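2 protein chains.
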Amino acid sequence: MPNPTAAMLVIGDEILSGRTRDANMHHLAGRLTEAGIDLKEVRIVSDDHDQIVAALNDLRGTWETIFTSGGIGPTHDDITADAVGAAFGATVDVREDARALLAAHYARTGSELNAARLRMARIPEGATLIDNPVSVAPGFTLGNVHVMAGVPSVFQAMVASVIPTLTGGAPLLSTSTRIDRGEGDIAGPLGALATEYADLSIGSYPFQKDGRFGANIVIRGQDRARLDAATARLATLFG
Amino acid sequence: MPNPTAAMLVIGDEILSGRTRDANMHHLAGRLTEAGIDLKEVRIVSDDHDQIVAALNDLRGTWETIFTSGGIGPTHDDITADAVGAAFGATVDVREDARALLAAHYARTGSELNAARLRMARIPEGATLIDNPVSVAPGFTLGNVHVMAGVPSVFQAMVASVIPTLTGGAPLLSTSTRIDRGEGDIAGPLGALATEYADLSIGSYPFQKDGRFGANIVIRGQDRARLDAATARLATLFG
Chain A
17 MPNPTAAMLV
27 IGDEILSGRT
37 RDANMHHLAG
47 RLTEAGIDLK
57 EVRIVSDDHD
67 QIVAALNDLR
77 GTWETIFTSG
87 GIGPTHDDIT
97 ADAVGAAFGA
107 TVDVREDARA
117 LLAAHYARTG
127 SELNAARLRM
137 ARIPEGATLI
147 DNPVSVAPGF
157 TLGNVHVMAG
167 VPSVFQAMVA
177 SVIPTLTGGA
187 PLLSTSTRID
197 RGEGDIAGPL
207 GALATEYADL
217 SIGSYPFQKD
227 GRFGANIVIR
237 GQDRARLDAA
247 TARLATLFG
Chain B
17 MPNPTAAMLV
27 IGDEILSGRT
37 RDANMHHLAG
47 RLTEAGIDLK
57 EVRIVSDDHD
67 QIVAALNDLR
77 GTWETIFTSG
87 GIGPTHDDIT
97 ADAVGAAFGA
107 TVDVREDARA
117 LLAAHYARTG
127 SELNAARLRM
137 ARIPEGATLI
147 DNPVSVAPGF
157 TLGNVHVMAG
167 VPSVFQAMVA
177 SVIPTLTGGA
187 PLLSTSTRID
197 RGEGDIAGPL
207 GALATEYADL
217 SIGSYPFQKD
227 GRFGANIVIR
237 GQDRARLDAA
247 TARLATLFG
C-alpha cells in the first residue's frame, strides 16, 4: 500500500530573498520520513495573500496532509491565518479559547495583551488549535492543513504535536553507499539494478570533492530484506 | 517599474526525504536579489515525470524566468531533459553540439563516451546550451526556462553564465535592524511605519535566542534615501 502523502507551504519572503536559509523544511522532511509519510512537494511563496491562497488550494486538493510555516505572528506582515481562512471560505476572528491562552500567558509574564498580540488569537472558524509549548500563541488545523509558526523552535514543537495524530505508513528504510566513481561509469549497471529492484527507489546523488566526482547511491524501500539484497548487489557491482 | 520576476523548480527526491539540505535555492536567491530580479516562488518536486511537467508549465506561465536544478546527469533517475521537452512539446534527442562537447572532454580525460554519458547530450529541440566549466555536460535554455545541474559547484557555475544574459531591475537594497523585544511589543508602531512607507517592504523576522524573543526588521526597497529614512525612523521608534 502506498504511504500517505504530504506537502509543505513555506510563507517566506526572507527565504526567497536569500536572507535566510530554510531550516523548517529540512526538519519536517526528516520527521515525515521517520513516520512513513511521503513528502511529495514543497512550495515557497512570498507574503502575498493571493499567492498563499492559490498555492494552498492547489496543494490541499492534491496531497493528503499539508503543513504551512510562517506568518502567524503579531506583525503587519503576518497574513497566513487570513489567507487560510480565505482558501477554505471560513471567517477569521479572535477566538475565545485562543484569547484565553494568550491572556493567561501575558498575565503570567507581566506583558500586555495588546491589539497586536491579540491578532495571534485570530483563528479560522472550525479550526482546532495546535499547542505551542514554546511561546503559547497557537497554530491551528483546518481540514487537512496544519498551520504552524516559522520560528524554528516553535515550528519543531508544533510538528512534534501534530505528527503523532497522523496515520503513518510503513517507515521508509534506506541505505546510502558512497561510490568514488563518476556517474557516467556506473549508470549502466545501476540502471539495470533499478529495473531489477523496481519495488525499491534507487537514487544517484552525484558530488564533487577535491576535483573528483563520485555519487551517493541511496536505496529506499519498506522491506528490509529486499533493501539489504539490493545494497549487497550494489557493493558487488562497484566494490 | 516592478522588477522582473523569477521562479525555481528543484527536482529533488533527496531534499524531500530530508537526506540533504538545499544549497542551490539559497545560492540562486542571493544572486537574483543582487541582479534586481525578484524570486517569487520555489517548488520542490520529486523525480516524477508528470509532476515535473505540471509544475514547470504552471511556473513558466506565471513568472518571467524559470530556473530548474537537478536531474540532468547520466543515471536512470535523471529525467529532467525529457520532462522539459514534454512540457514544451519538443522532441528530445542526442544533439551534435552537445555530443561533440562530451566527446572532446572524454577523449581528453581518457574516459569512454558510453551510452550513459551520451544521455547528457540529449537536449530538447530548439534549446541553446548553457556552458558547464566544471564538468562539461551542458545545461540548456528553452524558452524562458534555464535547466541546470543539481551538483552545487556546477549549478553555481551555470547561474554565473545565465544571470548576465537576463535583464535585471534596480538592485534591491535592504537594511536589517535587530530589536531585542518581542514582536508583540513592536507590532503596533511597526505596522504604522509600514503604512507610512508603503513604497518599501518591511518584514519582521522573529527569533528566539537563550529563551528571549526578538526580531530582525528587514526593510527593502530600491531608493536609498527612502530606505535610510525609514531605517532611521525605526531606530527612533525602538532605539
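Chains as they are written, first to last, in the numbering used here: chain A, 17 to 255; chain B, 17 to 255.
For every residue, glycine included, the Cβ atom is placed at its ideal position computed from N, Cα and C.
In this text the structure is predicted, and so the values were computed from the model without any measurement.
Pairwise C-alpha distance: residue j and residue i
i: Ala186/B; j: Thr183/A; result: 49 angstroms
i: Thr78/A; j: Val110/A; result: 30 angstroms
i: Thr193/A; j: Gly204/A; result: 17 angstroms
i: Gly255/B; j: Tyr122/A; result: 24 angstroms
i: Leu134/B; j: Ala97/A; result: 50 angstroms
i: Gly198/B; j: Tyr221/B; result: 11 angstroms
i: Thr211/A; j: Asp64/A; result: 44 angstroms
i: Arg76/A; j: Leu117/B; result: 45 angstroms
i: Leu44/B; j: Asp38/A; result: 13 angstroms
i: Leu243/A; j: Gly52/B; result: 48 angstroms
i: Ser190/A; j: Ile235/A; result: 5 angstroms
i: Asn148/A; j: Gly207/A; result: 46 angstroms
i: Thr157/A; j: Phe83/B; result: 33 angstroms
i: Arg249/B; j: Asp215/B; result: 15 angstroms
i: Leu209/A; j: Ala131/B; result: 16 angstroms
i: Val108/B; j: Val175/B; result: 23 angstroms
i: Pro300/B; j: Pro168/B; result: Because residue 300/B is not part of the residues shown, which for chain B are 17 to 255, the question remains open.
i: Ala70/B; j: Ala70/A; result: 15 angstroms
i: Ala251/A; j: Ile27/A; result: 42 angstroms
8 angstroms Cβ cutoff, residue i in contact with chain B
i: Thr49/A; result: yes
i: Ser325/A; result: This structure does not reach residue 325/A, given that chain A is present from 17 up to 255, and the question cannot be answered.
i: Pro149/A; result: no
i: Ala132/A; result: yes
i: Pro222/A; result: yes
i: Glu212/A; result: no
i: Gly89/A; result: yes
i: Ser177/A; result: no
i: Phe229/A; result: yes
i: Glu57/A; result: yes
i: Asp38/A; result: yes
i: His65/A; result: no
i: Gly200/A; result: yes
i: Asp215/A; result: no
i: Leu189/A; result: no
i: Leu32/A; result: yes
i: Asn138/A; result: Per the sequence presented here, residue 138/A reads as Arg, with Asn not at that position. Not an interface residue.
i: His121/A; result: no
i: Leu206/A; result: yes
Residues sharing a beta bridge with residue i, DSSP
i: His162/B; result: Phe83/B and Thr157/B
i: Arg59/B; result: Arg59/A and Leu25/B
i: Tyr221/B; result: Asn232/B
i: Leu145/A; result: Phe156/A
i: Thr36/B; result: Thr36/B is not bridged to any residue.
i: Asp54/A; result: Thr21/A
i: Gly237/B; result: Leu189/B
i: Asp109/B; result: Ile139/B
i: Arg194/A; result: Asn232/A
Pick from the options that is closest to residue i, judged by C-alpha positions
i: Asn19/B; options: Ser190/B, Gly237/B and Gly255/B; result: Gly237/B
i: Ile233/B; options: Glu128/B, Lys225/B, Ile195/B and Phe104/B; result: Ile195/B
i: Asp94/B; options: Ala119/B, Ala143/B, Ala106/B and Ile68/B; result: Ile68/B
i: Ile218/A; options: Thr157/A, Ala39/A and Ala246/A; result: Ala246/A
i: Ile179/A; options: His92/A, Thr36/A and Thr81/A; result: Thr81/A
i: Gly119/A; options: Val152/A, Phe171/A and Thr21/A; result: Note that residue 119/A is Ala in the sequence shown here, rather than Gly. Considering only alpha carbons, the answer is Val152/A.
i: Leu129/A; options: Met17/A, Ile139/A, Ala51/A and Arg115/A; result: Arg115/A
i: Thr21/B; options: Phe229/A, Thr191/A and Leu32/A; result: Leu32/A
i: Met41/A; options: Ala51/A, Asp54/A and Leu25/A; result: Leu25/A
i: Gly105/B; options: Leu72/B, Met136/B and Glu112/B; result: Leu72/B
i: Ala23/B; options: Gly207/B, Leu48/B, Asp66/B and Gly34/B; result: Leu48/B
i: Ala173/B; options: Val150/B, Leu158/B, Leu188/B and Thr157/B; result: Val150/B
i: Leu188/A; options: Asp239/A, Phe156/A, Phe171/A and Phe229/A; result: Asp239/A
i: Asp54/A; options: Glu30/B, Asp54/B and Ser177/B; result: Glu30/B
i: Ser127/B; options: Leu216/A, Pro168/A, Asp201/A and Leu250/A; result: Asp201/A
i: Gly230/A; options: Asp74/B, Glu112/B and Thr91/B; result: Thr91/B
i: Thr144/B; options: Val167/B, Ala102/B, Ala132/B and Gly159/B; result: Gly159/B
i: Ile146/A; options: Thr181/A, Leu209/A, Thr125/A and Ile27/A; result: Thr181/A
i: Ala102/B; options: Asp113/B, Gly28/B, Glu50/B and Asp66/B; result: Asp66/B
Neighbour flag for residue i against chain A, beta carbons, 8 angstroms
i: Val167/B; result: yes
i: Ser127/B; result: yes
i: Asp244/B; result: no
i: His42/B; result: yes
* To do: Assess, as a yes-or-no matter, whether the stretch 157 to 165 of chain A is touched by the stretch 84 to 91 of chain A under the definition of 3 or more beta carbon pairs within less than 8 angstroms.
  => Yes: at least three Cβ pairs fall under 8 angstroms.
Contact between the stretch 220 to 234 of chain B and the stretch 41 to 58 of chain B is defined here as three or more beta-carbon pairs at a separation below 8 angstroms; is this criterion met? Touching, no, given that fewer than three Cβ pairs across the two stretches are closer than 8 angstroms.
Review point. Does the stretch 98 to 106 of chain A come close enough to the stretch 139 to 149 of chain A to have 3 or more Cβ pairs within less than 8 angstroms?
Key: When Cβ pairs closer than 8 angstroms are counted between the two stretches, the stretch 98 to 106 of chain A is seen to touch the stretch 139 to 149 of chain A, the count reaching three or more.
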